[in-house]
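Down below is the structure, laid out as structure tokens.
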Amino acid sequence: MELELTQVDYTTVGLTASNCLQLLPASSASGSGADRNGSRQQQKVVVGDQDGVLQVFSMKKDELQIHFKTLPHDKIASVKLGGQAGSVADKIFTAAENKVRGFNKKGKMFLAFETNLTENIRSMFVSGSDLLVCGNHVYNHYKDCKEHGSYLCGDAIVDVAALCPNNTSRLITVLACSGRVLRILEHSRVRQTLELESVPTVLHVPKCLGDRLLCGFADGKVVLFHINLSISEVKRETLVEDTENGSAVTCIGTYDLSGDGKDELVVGRRDGTLQVFTMNSDEYQFEMECTQIYRENFNESISSVQGGCVGANNYAEIVVCTYSGRVFGLTTQCISKSLSDSNKRGSVNMAPDASSKLHKLRAEIYELEQAITRERERYQLSTQALSTGLSAIPMLPVNDSMILCQEDATYSLTIELPTPIEHVLLQCDAPINLIDVEKNSAVVSFSECDKMSGNSLLASYRCQSNTNRVDLKFRTVEGQNGTLQVYTTPNLQPKCCQLKRYSIKPLSLHMIVHNLSDEALSRPMNVLVLKGAFSQAEMHNWLINSIPEIPEKIYGNERNRIMFRHVFVGTLLICEYGKAEADFRSDNISTISILKDFITKEATKKRIKLEITTNINEQTIPGLIKLIEPKIAHYNKLTKDYQILQALIDLDIRNDEEFDTLSEEYRQLLENQRDIEMEFKKQPTILNRIYGILTDLYIDKFKFKGVSVKTKLPQLIELLDNYKYDELVQFYSVLKGLRRFLVFPIVGGVQNDPAGIDPAGLHDFLFVFHDDALARFLLDLHVHATIDDAIVIDSLHYFVHVASVVDVIVIVLSQTIRLVRPTFLYRVDGVADAEQFRVRAERRFVRGDDTGLDRLAGADEGGLRGKQTIIGQFVMDNLVDNYTSSLIHCMKASSYDGHHLTLHKRSPY
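For the sequence shown, this note's numbering assigns the number 257 to the initial residue and increments by one for each residue that follows.
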């Protein structure tokens, strides 16, 4: 069933906030707009705007009649209806700054109440003699204008609602908080906290129900909650899942539009979409099937929706108010049929003289034109050279939001102005990737960025005429933080520009979670421990600047604990911090590395000395690869299918005979051409994004060891292109020389059993590396401290097998260090036996500890002489055959205190 609604414009007011429109019950109604006979009576509309004007109007014979209108005052943040318990809610309550005012339906103010809030009221709820008001973080409960309780919330409070189970005097308060939770309060104390998948945006309590609650979310969902009397168990059911655009829900309404006794669900969204759904139950039972029967986009954010009867008796309609102040109705009355058949019952009563109505419209237009002319002349006089007046345009309010989308790990940015937008300029000093948005009709152009300027993005969007909202999507790169600056130019004279700044945080793809399963908590974790002279508030501030969604404030001196999940990979981050100490645990090495770098930098700015301890767990790497494996396999296949599909399209297959000659796989690709192209178009660079995460993991893993592995990245990319789990895991751990030291003990000229050697008593070691950086890293460490993280080679035969990838050999003999590049040893032409190898080695080593050198070369008559030939043969076969250089780079210790070695470089031989 499709619902047919006709739009009827009523009036235009100033800018409006969410839930600033209400419908007064009809005089003969019980609150639903219907009298005892079931017929619907016309209702009055109450609307408050950000100019501080509250007005009540109704429609009579298709003409707008204003019943009362207040003078401009403070911005109205909320408009609610109330009344005595058990009576009709016909009293109007408005919230502006920290004040609440009450009006009757004739416009007489009967209440002017100043709350004790130190911040402006953002949301309000009225239930009988109970008044609930909320600022950003404070909730206050007043009963008969006397404070009854309060609650201080760490998260920002988005909306508030109250439930009265079984229509009793018991009052249960529900707070929707930006930290992805609903907090259920009774007597101003939290009874239960419900974790949510997304950020709640609006709450709605259906009429005559004291235990049901509808909640709209930033990801477009609408969820029904059933709160029982004990509040011990809360049932929930998702009624609406908007998978098409995922725009945030801004308002919710319920009303019986069809007259069958069952309410329809009305949902308004930030992108201007309004939807109507049927529900198969009139008591909001669970397992309901919601079917969409109406959908329309009105091109600007919808701030309020109400169901009732305004335009004509007996015709239900939806009254809508937009952000810019447009108030219009969507009526079930079919205007075209009424015009053609005026004698039909229920038809609209058109003005008897259409020409007089047209004359009034022309008179109104003429008055507006005259007013514009007068204002233009006054402006020109005030800006003349001899005038003391200044040309200035007041700050335009910007309705903006930046939301992290979990489905595709992107940010959605919406910019909306009350006037048409001419163009939008983006400037960012962090690398972000803009994504095409289907509903964005603006023309985008990019400018090349100068690296010296610090800009990573310069882009502009040129909007079409009468566009007052721009929707953008972009991807961030974790580890790259900065500021996104958006310059919005409205289509006004003289020209002006509005600047908005948005922080791109280092861990921008993390979201808060409140509960983790035992399986998640049992994952292997990497640990970062920070100790220093910092307070808990300082650490909290550092985390706010590094991770999204952290509450602005913390209360109490207890150790704080916050948990996060990576929206794309699924890895975890657990933060526990207090005064002078902070512990961070994550199963992603890159997360630990990014957090360590950022906090260290912030602490350095404040000259706070930190003691940093890290514990990198090797087992976290296979777990992370397993988490991201489905994405690698899927998008690898998608990319290859897309490439093959393009080649098949180039073949220009024109008939069934040619099509049948293809293999089954290729035929399926052509049959699924549309789906493959659409999916690839949505995520054209997602495979590169996955590769970037895994290469960053590889780099960060060895970064903690002080080793650069950028030369190994091409091999990693090749492995990812031909993905196999076992090979990829092996690649992360196979280069043990970059992570562990290959140690061969040489004591007294005789090889000893490694198991029986005391590491503290060793003086002569053979350290084998894959990279110069690790050799330099070792020289800055305590010599004996490396033994705990070493593989002790028990045989030179084993050394021959593992050394085929060796680039650097460091020989530690007593207090002398030799640094040898096997790939630059010397020309081996004519080296026929081990003796010649020993002699040439002696010539090219810088003379130092001759005893140790002889011991290495096999000059002693000890047990190593039998191994000498193996060393010489290894050099000839594996290293020198491909190189003709004969240089030996040596480094010798100039001082040694038993723990540290100070080196100076000597000239090559």
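Note that CB positions come from ideal geometry on N, CA and C, so glycine has one too.
Endpoints, the alpha helix (DSSP H) within which residue i is located
i	result
residue 948	942-959
residue 853	845-861
residue 893	876-906
residue 776	774-777
Beta-carbon contacts of residue i that lie in its chain and below 8 Å, excluding the five residues immediately before and after
i	result
residue 634	none
residue 473	452, 453, 454, 455, 456, 457, 479, 504, 505
residue 461	417, 418, 419, 468, 469, 470
Per-residue burial, residue i [other beta carbons within 10 Å of its own, 16 or more giving buried]
i	result
residue 587	buried
residue 666	buried
residue 692	exposed
residue 857	exposed
residue 440	buried
residue 782	buried
residue 509	buried
residue 842	buried
residue 1127	With a pLDDT of only 32 at residue 1127, under 50, the local geometry of the prediction cannot be trusted, and the value read off the model is given with reservation. Counting Cβ neighbours within 10 Å, residue 1127 comes out buried, since at least 16 surround it.
residue 670	buried
residue 796	buried
residue 255	Past the edges of the chain, shown from 257 to 1165, lies residue 255, and the structure says nothing about it.
residue 445	exposed
residue 762	buried
residue 402	exposed
residue 366	exposed
residue 517	exposed
residue 310	buried
Neighbourhood of residue i by C-beta distance below 6 Å, restricted to the same chain and skipping five residues each side
i	result
residue 1129	Here the model assigns residue 1129 a pLDDT of 29, short of 50, so the residue's position is not dependable, and the following value carries that caveat. Same-chain partners within the cutoff: there are none.
residue 259	532, 549, 550
residue 380	334, 336, 351, 389
residue 491	482
residue 580	556, 674
residue 552	530
residue 601	Confidence at residue 601 is low in this model, with a pLDDT of 40, below 50, so its placement is unreliable and the value that follows should be read with caution. None.
residue 1039	Unreliable positioning characterises residue 1039 in this predicted model, as indicated by a pLDDT of 33, which lies under 50. The coordinate reading is nonetheless provided below. So the list is empty, once near-sequence residues are dropped.
residue 411	433, 434, 435, 807
Contact check, residue i vs residue j, beta carbons under 8 Å
i	j	result
residue 322	residue 352	no
residue 788	residue 865	yes
residue 305	residue 276	yes
residue 884	residue 818	no
residue 687	residue 626	no
residue 376	residue 354	yes
residue 513	residue 535	no
residue 573	residue 566	yes
residue 983	residue 975	yes
Endpoints, beta strand (DSSP E) assigned at residue i
i	result
residue 667	666-672
residue 493	490-496
residue 934	Segment 929-938 is the alpha helix (DSSP H) holding residue 934; no beta strand (DSSP E) there.
residue 365	365-370
residue 723	Neither: residue 723 is in no beta strand (DSSP E) and is coded neither H nor E.
residue 866	866-871
residue 796	First-last for residue 796: 792-800, but that is the alpha helix (DSSP H), not the beta strand (DSSP E).
residue 429	428-433
residue 321	319-325
residue 265	262-268
residue 456	456-460
Proximal residues to residue i (C-beta, below 7 Å), its chain only, five neighbours per side dropped
i	result
residue 1166	Because the chain in this structure spans residues 257 to 1165, residue 1166 falls outside the shown range and cannot be described.
residue 973	947
residue 1107	For residue 1107, the predicted model reports a pLDDT of 34, less than 50, meaning its position is unreliable; a value from the coordinates is still stated below. Nothing meets the Cβ criterion.
residue 329	308, 352
Cutoff 8 Å: residue i Cβ touching any chain D Cβ
i	result
residue 874	The structure shown has no chain D; it contains just one protein chain.
Contact test: residue i Cβ vs the ligand HEM heavy atom, cutoff 7 Å
i	result
residue 261	The ligand HEM is not part of the structure shown, which contains no ligands of any sort.
Any contact of the segment 379-397 with the segment 415-428, i.e. 3+ C-beta pairs under 8 Å? yes
Three or more beta-carbon pairs under 8 Å between the segment 757-774 and the segment 703-713, yes or no? no
Is there contact here, the segment 934-943 with the segment 954-966, by at least three beta-carbon pairs under 8 Å? no
Any chance the segment 742-756 sits against the segment 675-690, with 3 or more Cβ pairs inside 8 Å? yes
Per the contact definition of three or more C-beta pairs closer than 8 Å, is the segment 872-892 in contact with the segment 803-811? no
Under 8 Å: do the segment 697-707 and the segment 653-667 share three or more Cβ pairs, one atom per stretch? no
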